[in-house]
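Undergrad: Numbering (my numbering), first residue to last: 1 to 231.
The beta-carbon is built from N, C-alpha and C at its ideal position, and this holds for glycine as well.
What follows is a structure written as structure tokens; I'll ask about it next.
In structure tokens form, the structure reads like this:
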């Protein structure tokens, strides 16, 4: 049975094309044309992935994203943004989105992003080691739960995968290219440095006592990032 996608979009021509194409790719698609409709569908059904337009007749996709994140931190969310809307891109990621794609986009690119996020969402299902501990941080790979100093962190799917990559390689420098390939499954050519910087900043706000002077997630200039163990 196909995976369930909620498309929140009010452009009729775009809806028709996306629904037709996604169904051909074996997705089960539900459509909401407003924030109100989206809330009703989310209340009455469960979805594997959300596609959210930013501008809607009665609000924004950010509202829906924030609402969903209060209930489910792992469901993949992709924002559909207009060209040259960098502010919306950053706001979308800050509100809990995992990725964004700029209109007009190629269906192949969108499906590639969707598959990558859906694989990421299921990444913890078959792990040999269930618990990963490094200093004062512990990752329960089966439950997709992270605790720092005994406190549970509320992470989105993208933040969780990024943190797992860094913690598993604690003490090693992870290059930006490696992070792109791991988080976007080889489709990192669609992702710019600014997107990764937003993820890093957002993650620091959750794991650092002072995000401006990180002790855990440090930048290695010219190379990438490194996770340092702190007892």
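Between the Cα of residue 57 and the Cα atoms of 182, 181, 37, which residue gives the shortest distance?
TA: When only C-alpha atoms are compared, the closest one is 37.
Undergrad: Beta strand (DSSP E) containing residue 32: first to last residue?
TA: Where residue 32 is concerned, the enclosing beta strand (DSSP E) stretches over 28-32.
Undergrad: Name the DSSP bridge partner or partners of residue 220?
TA: Answer is 224.
Undergrad: Let me check one thing: in DSSP terms, what residues is residue 59 bridge-paired to?
TA: Answer is 56, bridged to residue 59.
Undergrad: Using a threshold of 8 angstroms, state whether the C-beta atoms of residue 51 and residue 80 are closer than that.
TA: Yes; because the gap between Cβ atoms is below 8 angstroms, this pair is in contact.
Undergrad: Can you have a look at residue 114 and say buried or exposed, based on whether 16 or more other CB atoms are within 10 angstroms of its CB?
TA: The residue is buried, with at least 16 neighbouring Cβ atoms inside 10 Å.
Undergrad: Exposed or buried, what is residue 104 when buried is set at 16 or more other beta-carbons lying within 10 Å of its beta-carbon?
TA: Burial call: exposed.
Undergrad: Can you pull the DSSP bridge partners for residue 134?
TA: DSSP lists 137 as partners of residue 134.
Undergrad: Start and end of the alpha helix (DSSP H) containing residue 180?
TA: Residues 176-183.
Undergrad: Between which two residues does the beta strand (DSSP E) containing residue 230 stretch?
TA: Per DSSP, residue 230 belongs to no beta strand (DSSP E) and is neither H nor E.
Undergrad: Any C-beta of chain B sitting closer than 8 angstroms to the C-beta of residue 67?
TA: Chain labels in this structure do not include chain B; a single protein chain is all it has.
Undergrad: Could you check if residue 179 is buried or exposed, using at least 16 other CB atoms within 10 Å of its CB as the buried criterion?
TA: It is buried - the Cβ of residue 179 has at least 16 other Cβ atoms within 10 Å.
Undergrad: Go ahead and pull the three-state DSSP assignment for residue 43.
TA: Helix at residue 43.
Undergrad: Smallest Cα separation from residue 94: which of 62, 71, 101?
TA: The residue with the shortest Cα to Cα distance from residue 94 is 62.
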